[in-house]
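**Student:** Handing you this structure, nothing more for now.
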Amino acid sequence: MSRTIVLTGDRPTGRMHLGHYVGSLKNRFEMQDEFQCFFMIADYQALTTHRDRTEDLERHVREMVLDYLAAGFDPKKSVCFLQSQVPQLAELTMIFSNLVTLPRLLRNPTVKEEMGKMGLGNRVPYGFVGYPVSQAADILLFRPRYVPVGPDQRPHIELAQEVAARFNRIYGEVFPLPDGVYGTRLKGTDGQSKMGKSYDNAIDLSDKKASVRAKVMNMVTDPGRVRATDPGNPDVCSAFHYREVFDEENAEQVARACRSGSVGCTTCKGALADVLNDFMMPFRVRRKGFEEQPDLVRDILNLGGSRARIEGQRTLEHVKEVMGMGYKALMG
Ligand code: ATP
Ligand code: MG
11 MSRTIVLTGD
21 RPTGRMHLGH
31 YVGSLKNRFE
41 MQDEFQCFFM
51 IADYQALTTH
61 RDRTEDLERH
71 VREMVLDYLA
81 AGFDPKKSVC
91 FLQSQVPQLA
101 ELTMIFSNLV
111 TLPRLLRNPT
121 VKEEMGKMGL
131 GNRVPYGFVG
141 YPVSQAADIL
151 LFRPRYVPVG
161 PDQRPHIELA
171 QEVAARFNRI
181 YGEVFPLPDG
191 VYGTRLKGTD
201 GQSKMGKSYD
211 NAIDLSDKKA
221 SVRAKVMNMV
231 TDPGRVRATD
241 PGNPDVCSAF
251 HYREVFDEEN
261 AEQVARACRS
271 GSVGCTTCKG
281 ALADVLNDFM
291 MPFRVRRKGF
301 EEQPDLVRDI
311 LNLGGSRARI
321 EGQRTLEHVK
331 EVMGMGYKAL
341 MG
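Residue numbers are given in this note's numbering: position 102 of the sequence shown equals residue 112, and the series is strictly consecutive.
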């Protein structure tokens, strides 16, 4: 039986947020009926920026599985596993690390942006610069057709495609070239170009109603608009971006009311908080039901780990064989 595979993952560095939902979760969970999906929690990749915060990992992993379930993950259809439970990923990373040059890695715009935000300069860890290689292994070990991710992942998907093509050319056809399925990039509540777990600018899927409201009320609107009746400019308003993503059908009308000065920012943000809270209500209800099942997360991860290892071992044996490293004559 040949199944079309989907693979994607997230780093357990904090709670899942609205950016994850529109960037990747929505697309990936919609694919579960049609394709065999694998969802990886990238705990080794978390170490590339969070090596000194390992005491938080276990809690983040548990919350992440609950966030997945709340957002539509169906454990009867799809596989969820921890990166560190699949040693074949580390082996494939080792093989791929010789297929990518250092200048190629340092040219990666997402890596550059993330390095800039970390302010590490030359003290950037080798593991951080190399994480796209390890991510290429995470993806290719499962030989997926589709990888549903946020737009910031485009350079990494392109690298995975390059690595796959190079491997196939040198050693033999093993890897189909995966395609990225890109969702929407969501800005942070502070107006920064990306909402991120590590940037303190996120609305979490598990946030309570009051917390969502407080975060929305704190968003910066048009700084040139002093009185509520002044005409405003929605193009420079952090809150308006969320209207475009989560309230598309009313966005034009909201923009008109802003430009004419007929609705003030406080009223407008109050209405946006209602929109977001309505959107998130089903997640809260589902999450509560899952939180009450004590063994659920453990069972999902244990079963997921064994399924991912089986899949991974199959690819790795094929890889070693085409590389002449199966050693059948010598050792078989
Ligand atoms: P961190 O800040 O710790 O890197 P993150 O919020 O960037 O966390 P990741 O685990 O790195 O989250 O990314 C998981 C997935 O979510 C990726 O597919 C990524 O492209 C997507 N994603 C993350 N942030 C956004 C966003 N603001 N808009 C759209 N997609 C996003
Ligand atoms: Mg990230």
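Using N, Cα and C, we set each Cβ at its ideal position, and we do this for glycine too.
#1: Take the Cβ of M11 as the centre, count every other Cβ of all protein chains shown within 10 Å, and call the residue buried at 16 or more, exposed below.
#2: With a threshold of 16 other CB atoms inside 10 Å of the CB of A146, please say whether the residue is buried or exposed.
#3: Does any heavy atom of ligand 2 sit closer than 7 Å to the C-beta of R21?
#4: If you draw a straight line from the alpha carbon of R324 to that of L112, how long is it in whole angstroms?
#5: Exposed or buried, which one is M128 when buried takes at least 16 other CB atoms within 10 Å?
#6: Measuring only from the beta carbon, is G206 closer than 7 Å to any heavy atom that is part of ligand 2?
#7: Hey, would you say G271 sits closer than 8 Å to T239, going by beta carbons?
#8: Is R195 near ligand 1, with its Cβ less than 7 Å from a heavy atom?
#9: Return the chain-ordered list of same chain residues with a C-beta closer than 6 Å to the C-beta of S248, the five sequence neighbours on each side being excluded.
#10: Name the one or two DSSP bridge partners that P158 has.
#11: Quick one: grab the DSSP three-state call for G19.
#12: Roughly how many angstroms separate the alpha carbons of F83 and V173, rounded to a whole number?
#13: Cutting at 6 Å between CB atoms, please list the residues of its own chain near D162, excluding the five before and the five after it.
#14: Any heavy atom of ligand 1 closer than 7 Å to the CB of Y156?
#15: Report the CB separation of G315 from L92 in whole angstroms; it is logged as a contact under 8 Å.
#16: In this structure, what does DSSP give as the bridge partners for F91?
#17: On the CB-based measure, 16 or more other CB atoms within 10 Å of its CB, does R38 come out buried or exposed?
#18: Can you tell me which of the three DSSP states M11 falls into?
**Tutor:** Looking at the coordinates:
#1: Translated into positions along the sequence shown, residue 11 becomes position 1. For M11, the predicted model reports a pLDDT of 47, less than 50, meaning its position is unreliable; a value from the coordinates is still stated below. Looking at its Cβ environment, which holds fewer than 16 other Cβ atoms inside 10 Å, M11 is exposed.
#2: In the sequence shown, counting from the first residue as 1, residue 146 sits at position 136. Burial call: buried.
#3: In the sequence shown, the residue the question calls residue 21 occupies position 11. Under cutoff, so the answer is yes.
#4: In the sequence shown, residue 324 corresponds to position 314, counting from 1. In the sequence shown, residue 112 corresponds to position 102, counting from 1. If you take the alpha carbons of R324 and L112, they lie about 29 Å apart.
#5: Counting from 1 along the sequence shown, the entry for residue 128 is found at position 118. Exposed, since its Cβ has fewer than 16 Cβ neighbours within 10 Å.
#6: Within the sequence shown, the letter at position 196 stands for residue 206. For ligand 2, at least one heavy atom lies less than 7 Å from the Cβ of G206.
#7: As a working note, residue 271 is residue 261 in the sequence shown. As a working note, residue 239 is residue 229 in the sequence shown. Yes, Cβ-Cβ distance for G271 and T239 is below 8 Å.
#8: Reading the sequence shown from its first residue, position 185 is the one you call residue 195. Yes.
#9: Within the sequence shown, residue 248 is the residue found at index 238, counting from 1. Excluding positions up to five away in sequence, the list reads G201, M229, V230.
#10: For the purposes of this step, residue 158 is identified with residue 148 of the sequence shown, where counting begins at 1. Bridge partners of P158: V191.
#11: The sequence position of residue 19 within the sequence shown is 9, counting from 1. Note: G19 maps to strand in three-state DSSP.
#12: Against the sequence shown, residue 83 aligns to sequence position 73. Against the sequence shown, residue 173 aligns to sequence position 163. F83 and V173: Cα-Cα distance of roughly 29 Å.
#13: Sequence index remark: in the sequence shown, residue 162 carries index 152 (1-based). Result list for D162: T120, in chain order.
#14: Position 146 of the sequence shown, counted from the start, is the residue given in the question as residue 156. Outside the cutoff, so no.
#15: In the sequence shown, the residue the question calls residue 315 occupies position 305. In the sequence shown, the residue the question calls residue 92 occupies position 82. Confirmed, about 6 Å.
#16: The residue labelled residue 91 in the question sits at position 81 within the sequence shown. Its beta-bridge partners are M50.
#17: Against the sequence shown, residue 38 aligns to sequence position 28. Burial call: buried.
#18: Numbered from 1 along the sequence shown, position 1 holds the residue referred to as residue 11. The predicted position of M11 is uncertain, since its pLDDT is 47 and thus under 50; no value can be drawn from it.
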